[in-house]
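Okay, so the sequence shown: first residue is 147 according to the working numbering, each after it adds one.
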Amino acid sequence: MSYPLCQPSGMVPPTRTALEAADPPELAAAISRLQAGDYQRAYAEALPFVSANNNRLYCDANRLCAIACSESRQWTKAAAYWQALFAGEATAHNALQVATSTVMADMVEQGLAWAERARALTALSHEMPEAAILTKVLSALTTAGHLEAAFPLLEVLGKHAGREWYTSMLPHLDERGRTELMAWLDGECAPA
Numbered sequence: 147m148s149y150p151l152c153q154p155s156g157m158v159p160p161t162r163t164a165l166e167a168a169d170p171p172e173l174a175a176a177i178s179r180l181q182a183g184d185y186q187r188a189y190a191e192a193l194p195f196v197s198a199n200n201n202r203l204y205c206d207a208n209r210l211c212a213i214a215c216s217e218s219r220q221w222t223k224a225a226a227y228w229q230a231l232f233a234g235e236a237t238a239h240n241a242l243q244v245a246t247s248t249v250m251a252d253m254v255e256q257g258l259a260w261a262e263r264a265r266a267l268t269a270l271s272h273e274m275p276e277a278a279i280l281t282k283v284l285s286a287l288t289t290a291g292h293l294e295a296a297f298p299l300l301e302v303l304g305k306h307a308g309r310e311w312y313t314s315m316l317p318h319l320d321e322r323g324r325t326e327l328m329a330w331l332d333g334e335c336a337p338a
């Protein structure tokens with residue numbers, strides 16, 4: 147992998163030699179499969195270690211399963227593995243992964259609660275910008291077709307960031323939708 151699976155947030159990635167020693171050897175095959183895009187086999191290789199007593203192995207195995215399930219669009223399973231990872235590594239990033247996977251699994255209220263947890267954690271740790279959390283959750287809500295749930299988050303972003311997010315949606319609309327959205331943006335979210 148390009149970085150150790152359980153590397154603490156904000157840590158400078160170690161050299162390649164140290165990296166090779168950093169990944170648990172029990173997960174070497176799963177990591178290789180994941181890097182090759184063979185998500186089903188990566189999942190199968192990591193699965194025996196998701197209940198490991200060693201926290202490092204537990205975290206890495208759950209992360210691999212979460213990534214493999216996410217890449218396979220198995221959102222409910224992905225959310226469960228991200229949540230298990232959060233139990234071992236309570237970071238804003240992991241809470242955000244639970245949030246977006248849960249939203250993609252059509253469990254919107256649960257996903258929004260996890261997004262709030264990610265925001266609270268990052269307020270304490272400064273792990274990531276709050277806007278990054280909001281925009282990733284907004285993208286998940288939009289992709290999963292839960293547009294109404296996105297509006298309160300857009301208000302939190304404010305006019306400028308909200309305008310940027312709405313503008314990013316323009317390529318996904320038909321001509322009429324683009325025209326209507328641009329007219330609305332010009333009236334409601336005009337740049338200051």
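All C-beta atoms in this analysis are idealised placements derived from N, C-alpha and C, irrespective of residue type, glycine included.
Same chain, Cβ closer than 6 Å to residue i, neighbours up to 5 away in sequence not counted
i      : result
Gln243 : Trp228
Val254 : His292 and Ala295
Ile279 : Leu242, Ala264 and Arg265
Option nearest residue i by Cα separation, candidates the options
i      : options                           : result
Ala182 : Gln220, Pro171, Ala214 and Ala238 : Ala214
Leu203 : Ala174, Asn240 and Glu262         : Ala174
Thr237 : Gln220, Ala269 and Gln186         : Ala269
Ala212 : Ala192, Asn201 and Thr313         : Ala192
Glu301 : Thr281, Ala207 and Pro317         : Thr281
Leu231 : Ala251, Met250, Asn201 and Glu217 : Asn201
Ala188 : Asn199, Ala198 and Ser216         : Ser216
Asp252 : Ala190, Trp221 and Ala198         : Trp221
Met250 : Ala168, Ala290 and Arg309         : Ala290
Residue range of the alpha helix (DSSP H) that includes residue i
i      : result
Ala251 : Segment: none, Ala251 is in no alpha helix (DSSP H) and carries neither H nor E.
Phe195 : Note, Phe195: premise wrong, no alpha helix (DSSP H); not H, not E.
Ser178 : Ala174 to Gln181
Gln220 : Neither: Gln220 is in no alpha helix (DSSP H) and is coded neither H nor E.
Thr288 : Glu276 to Thr289
Burial state of residue i, where buried means 16 or more other Cβ atoms lie within 10 Å
i      : result
Arg322 : exposed
Glu273 : buried
Ala176 : buried
Arg219 : exposed
Ala233 : exposed
Leu180 : buried
Glu235 : buried
His318 : exposed
Whole-angstrom distance between residue j and residue i, CA atom to CA atom
i      : j      : result
Pro298 : Pro170 : 42 Å
Lys223 : Gly333 : 42 Å
Thr288 : Ser178 : 32 Å
Leu303 : Ala225 : 25 Å
Thr248 : Trp330 : 30 Å
Thr313 : Asp184 : 35 Å
Leu210 : Gln186 : 11 Å
Asn208 : Glu276 : 25 Å
Ala286 : Arg324 : 20 Å
Asp320 : Glu310 : 18 Å
Ala168 : Ala190 : 21 Å
Neighbourhood of residue i by C-beta distance below 7 Å, restricted to the same chain and skipping five residues each side
i      : result
Ala245 : Gly257, Trp260, Ala261, Ala264 and Val283
Glu172 : Phe195 and Leu203
Ala198 : Tyr204 and Ala207
heavy atom of the ligand NAD below 7 Å from residue i C-beta
i      : result
Leu180 : Looking for the ligand NAD in the displayed structure turns up nothing, as the structure carries no ligands at all.
Residues near residue i in its chain [Cβ-Cβ closer than 8 Å; skip 5 each side]
i      : result
Met315 : Thr288 and Leu327
Leu267 : Ala236, Thr237, Ala238, Ala241 and Glu273
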